[in-house]
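Student:
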Amino acid sequence: MKNKSLWRQKAPLIELKSRPLRVVIIGDSFIPMVDGVVRVMENYIEQFQNKGIEFLVLAPAYSDYDLKKDLELDYKPMRIKCSLIKWGGYQVIRTPLVKSELLDIDKFNPDIVHVHSPFFAGNIGLQLKKRYNIPLIITMHTNFKMAISKSANSAIIGQIGGLVVQQFIKNTDGIFHVSRSSMIESGLDLTQNKHFIVPNGTKFKFPYNHEFLKHQAIEKYNIDSNKFNLLFVSRFVWEKNIKLMLDSYKKLIQINPKYHLTMVGGDWKYDEVVEYAKSIGVYEHINFTGIVRDCDLLKGLYLSHDLLLFPSVFDTFGLVIHEAASQGLPSLVIKNSAAAESIVDGFNGFTCMENIDSLVENIIHIFSEPEKLKIVGEASKTMVYDWSKIIDKSLKNYIDIIKNFYDSARLKRFEKLSVKIRNKFKK
Numbered sequence: 028m029k030n031k032s033l034w035r036q037k038a039p040l041i042e043l044k045s046r047p048l049r050v051v052i053i054g055d056s057f058i059p060m061v062d063g064v065v066r067v068m069e070n071y072i073e074q075f076q077n078k079g080i081e082f083l084v085l086a087p088a089y090s091d092y093d094l095k096k097d098l099e100l101d102y103k104p105m106r107i108k109c110s111l112i113k114w115g116g117y118q119v120i121r122t123p124l125v126k127s128e129l130l131d132i133d134k135f136n137p138d139i140v141h142v143h144s145p146f147f148a149g150n151i152g153l154q155l156k157k158r159y160n161i162p163l164i165i166t167m168h169t170n171f172k173m174a175i176s177k178s179a180n181s182a183i184i185g186q187i188g189g190l191v192v193q194q195f196i197k198n199t200d201g202i203f204h205v206s207r208s209s210m211i212e213s214g215l216d217l218t219q220n221k222h223f224i225v226p227n228g229t230k231f232k233f234p235y236n237h238e239f240l241k242h243q244a245i246e247k248y249n250i251d252s253n254k255f256n257l258l259f260v261s262r263f264v265w266e267k268n269i270k271l272m273l274d275s276y277k278k279l280i281q282i283n284p285k286y287h288l289t290m291v292g293g294d295w296k297y298d299e300v301v302e303y304a305k306s307i308g309v310y311e312h313i314n315f316t317g318i319v320r321d322c323d324l325l326k327g328l329y330l331s332h333d334l335l336l337f338p339s340v341f342d343t344f345g346l347v348i349h350e351a352a353s354q355g356l357p358s359l360v361i362k363n364s365a366a367a368e369s370i371v372d373g374f375n376g377f378t379c380m381e382n383i384d385s386l387v388e389n390i391i392h393i394f395s396e397p398e399k400l401k402i403v404g405e406a407s408k409t410m411v412y413d414w415s416k417i418i419d420k421s422l423k424n425y426i427d428i429i430k431n432f433y434d435s436a437r438l439k440r441f442e443k444l445s446v447k448i449r450n451k452f453k454k
């Protein structure tokens, strides 16, 4: 419902010279969940704090999460009850917001809404846009048509899901794409002047105590430095091409048992992935660490391995390859995927085709040139994006979107008025 007292008719540009910008951030999931989208939201929050931007985070109140743990954060998320529906194995935020929740958001009086999903978070974003007449932005973290299709194992459902996403996109005022290739492959109307390329960054820096962190991970996970150590870091969902990686790994260790794989992550399909690894006889040759939330421990894992495997063609960016690069760990990714956009094969990373033979042949070739592998790892550090600069770009885009939103609305009002005047004189 519209809030007449807070309904905006023009851009608050003069106000913003003397007060901070106010942003509502919404995702289908949030802390304590660990995935790429949540980590992106956390980095936006951290940079907003550094830059004096006021923000309100709307997050699911998970049934198995102790809300008192939010007191450990240096900001206060507004927790919303979860939907009865689960998405991707997660509990997700309930929609629409009820009156008491809307009244709390009224007190914040937002200038703009930034959602990180077109589904549950997107519905809330539309609700707030209509309530305050403010612009709505979405970051496209995923190829949602592919995600829905693979999740439901149905191309038809994927098509329907894609249409739902496109309908939502029509009501947004700014679309942040995390890579150029993901923007092109989105299937959206790119002739509209509301598409922006805003890559993800990483706050990981190469640590001064890198040897300590490296050995800490080696001891904790019993990593044999004499082996060819491969690393995979991700949520465990089949869309990440995990089956291709495991099948390739089976062939690899049949050729040379010196290779070893560490898999970091878990969640939704963890049990299925473990069972599949057992069924093809590679389980005993894999170190499953579970989810690693400690940033220093994750850095140690990057530092203690030789090559990151990222076979996904599903991701629109590949946050972990940039985290790995910050620690000097190069990645092997699929050629022409969004993850490959920042990689020059053989210079700051490696690419291969999306099949077992290519993956295996490239890994063998990479490890046949150990000195080159080190040089490529060092060069990979240059591909890292700094979050501070990324958020500066986002803030500039926010202001441009706010201006365009009210300018377009004013132009539409003038057009309607001119039609009325012309019709009056025709009589």
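Just so we're aligned: the sequence shown equals residues 28 to 454 in this note's numbering. Just so it is clear, CB atoms sit at the ideal spot from N, CA and C, and this is done for glycine as well.
Can you tell me whether DSSP reads Asp131 as helix, strand or coil?
Tutor: Locating residue 131 in the sequence shown gives position 104, where the first residue counts as 1. Helix at Asp131.
Student: Which residue from Pro137, Lys96, Leu153, Phe135 puts its Cα closest to that of His143?
Tutor: The sequence position of residue 143 within the sequence shown is 116, counting from 1. That would be Leu153, whose Cα lies nearest to the Cα of His143.
Student: Candidates Ser339, Lys156, Gln243: which alpha carbon is nearest Cys322's?
Tutor: Indexing the sequence shown from 1 puts residue 322 at position 295. For Cys322, the nearest C-alpha among the options comes from Gln243.
Student: Looking at the structure shown, is Gln76 part of a helix, part of a strand, or coil, going by DSSP?
Tutor: Along the sequence shown, one-based indexing puts residue 76 at 49. The answer is helix: DSSP assigns Gln76 an H, G or I state.
Student: May I ask you to list the residues that DSSP assigns as paired with Asp413?
Tutor: Translated into positions along the sequence shown, residue 413 becomes position 386. In DSSP, Asp413 forms a bridge with Thr229.
Student: Can you tell me which of Ile280, Gln74, Lys44 puts its alpha carbon nearest to the alpha carbon of Lys420?
Tutor: Numbered from 1 along the sequence shown, position 393 holds the residue referred to as residue 420. Nearest C-alpha to Lys420: Gln74.
Student: In angstroms with no decimal places, state the Cα-to-Cα distance between Thr378 and Ala367.
Tutor: The sequence position of residue 378 within the sequence shown is 351, counting from 1. The sequence position of residue 367 within the sequence shown is 340, counting from 1. Cα to Cα, the separation comes out at about 7 Å.
Student: So what does DSSP say about Asp342, is it helix, strand or coil?
Tutor: Walking along the sequence shown from the start, residue 342 turns up at place 315. In the structure shown, Asp342 sits in a strand (DSSP, three-state: E or B).
Student: Counting along the chain, where does the beta strand (DSSP E) carrying Arg49 start and finish?
Tutor: For the purposes of this step, residue 49 is identified with residue 22 of the sequence shown, where counting begins at 1. Per DSSP, Arg49 belongs to the beta strand (DSSP E) from 49-53.
Student: Count Cβ pairs between the stretch 246-264 and the stretch 325-333 that sit closer than 8 Å; are there 3 or more?
Tutor: With a cut-off of 8 Å, the stretch 325-333 and the stretch 246-264 count as touching, because enough Cβ pairs lie within range.
Student: Using only CA atoms, which one of Leu336, Arg66, Lys108, Gln281 lies nearest to Tyr92?
Tutor: Locating residue 92 in the sequence shown gives position 65, counting from the first residue. That would be Lys108, whose Cα lies nearest to the Cα of Tyr92.
Student: So who's on the other strand from His287, going by DSSP bridges?
Tutor: Position 260 of the sequence shown holds residue 287. Answer is Asn256, bridged to His287.
Student: Bridge partners of Gly376, per DSSP?
Tutor: If you number the sequence shown from 1, residue 376 lands on position 349. According to DSSP, Gly376 bridges with Asp372.
Student: Pick helix, strand or coil for Phe223, following the three-state DSSP scheme.
Tutor: Along the sequence shown, one-based indexing puts residue 223 at 196. Strand.
Student: Quick check: what's the CA-CA separation for Arg158 versus Arg49?
Tutor: Mapped onto the sequence shown, residue 158 falls at position 131. Mapped onto the sequence shown, residue 49 falls at position 22. Those two C-alpha atoms are separated by around 15 Å.
Student: On the three-pair Cβ rule with 8 Å, is the stretch 223-232 touching the stretch 400-417?
Tutor: Contact between the stretch 223-232 and the stretch 400-417 is present, because at least three Cβ pairs lie under 8 Å.
Student: Indicate whether Gln118 and Ser56 have their beta-carbon atoms separated by less than 9 Å.
Tutor: Against the sequence shown, residue 118 aligns to sequence position 91. Against the sequence shown, residue 56 aligns to sequence position 29. Yes, they are a contact pair.
Student: Using the C-alpha atoms, what's the distance from Lys31 back to Lys423?
Tutor: If you number the sequence shown from 1, residue 423 lands on position 396. If you number the sequence shown from 1, residue 31 lands on position 4. Taking the straight line joining both Cα atoms gives about 28 Å.
Student: Taking DSSP as the reference, what is the three-state secondary structure of Phe82?
Tutor: In the sequence shown, residue 82 corresponds to position 55, counting from 1. Strand at Phe82.
Student: Looking only at DSSP bridge pairs, what is Gln118 linked to?
Tutor: As a first step, residue 118 must be located in the sequence shown, where it is residue number 91. Looking at the DSSP assignment, Gln118 forms a beta bridge with Lys113.
Student: Quick one: Cα of Ser90 to Cα of Glu405, how far?
Tutor: Looking up residue 90 in the sequence shown gives position 63. Looking up residue 405 in the sequence shown gives position 378. Cα to Cα, the separation comes out at about 44 Å.
Student: Just to confirm my understanding: we take Ile282, look at its own chain, exclude 5 residues before and 5 after, and list those with CB closer than 8 Å. What are they?
Tutor: If you number the sequence shown from 1, residue 282 lands on position 255. Correct list, in chain order: Val387, Ile391.
Student: Run through the DSSP bridge pairs and tell me what Leu335 is partnered with.
Tutor: The count along the sequence shown starts at 1 and reaches residue 335 at position 308. Answer by DSSP bridge pairing, in chain order: Leu258, Ser358.
Student: Classify Phe147 as buried or exposed, calling it buried when 16 or more other Cβ atoms lie within 10 Å of its own Cβ.
Tutor: One-based indexing of the sequence shown puts residue 147 at position 120. By the neighbour-count rule (16 or more Cβ atoms within 10 Å), Phe147 is buried.
Student: So, is Pro87 buried or exposed, given that buried needs 16 or more other C-beta atoms within 10 angstroms?
Tutor: Residue 87 sits at position 60 when you count from the first residue of the sequence shown. Classification of Pro87: buried, given that the 10 Å Cβ count is 16 or more.
Student: Just how far apart, CA to CA, sit Val1 and Thr343?
Tutor: Outside the shown range of the chain, which is 28 to 454, sits residue 1, and nothing can be said about it.
Student: Based on Cα-Cα distance, which residue from Phe263, Pro234, Pro137, Lys96 lies nearest to Pro59?
Tutor: If you number the sequence shown from 1, residue 59 lands on position 32. Here the closest residue by C-alpha is Lys96.
Student: Going straight from the alpha carbon of Pro18 to that of Ile196, what length do you get?
Tutor: For residue 18 there is no data in the structure shown, the boundaries of the chain being 28 and 454.
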